[in-house]
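Input: a single structure, listed below in structure tokens.
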Amino acid sequence: MWLEFILIPTLKPGQALVLDNATFHKGGRIAELVEAAQCRLLYLPQWEPASPSQGFLRRSPF
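Going by full-length UniProt numbering, the first residue of the sequence shown is number 1, and it counts up by one from there.
Rendered as structure tokens:
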């Protein structure tokens, strides 16, 4: 698992990991790993104006 073996070892205690609201980001295992690293999880709001794809997808015909 990329999170467990690549990302978590690089985090320092007190840092935050920012995730979108994808279903697979909400599993308990992710929270366990992040909390064990003494970090916290933050989730982006459903609509994020900083994401350029949001405006594109809203105007797109598909």
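Ideal Cβ placement from N, Cα and C applies to all residues, glycine included.
None of the values given here were measured: they were computed from a predicted structure.
What's the C-alpha gap between residue i and residue j?
{"i": "K12", "j": "Q46", "result": "27 Å"}
{"i": "L7", "j": "M1", "result": "10 Å"}
{"i": "G28", "j": "A36", "result": "12 Å"}
{"i": "T23", "j": "I30", "result": "12 Å"}
{"i": "P9", "j": "Q38", "result": "11 Å"}
{"i": "G14", "j": "K26", "result": "20 Å"}
Please work out which residues of its chain come closer than 6 Å, Cβ to Cβ, to residue i, disregarding the five sequence neighbours upstream and downstream, and give them in chain order.
{"i": "A16", "result": "R40 and L42"}
{"i": "F5", "result": "none"}
Looking at residue i: is its Cβ nearer than 8 Å to the Cβ of residue j?
{"i": "L3", "j": "L33", "result": "yes"}
Can you find the residues in the same chain that come closer than 7 Å, C-beta to C-beta, to residue i, ignoring five residues on each side of it along the sequence?
{"i": "V18", "result": "L42 and L44"}
{"i": "A21", "result": "In the sequence on display, residue 21 carries Asn and not Ala. Closer than 7 Å at Cβ, skipping near neighbours: Y43, L44 and Q46."}
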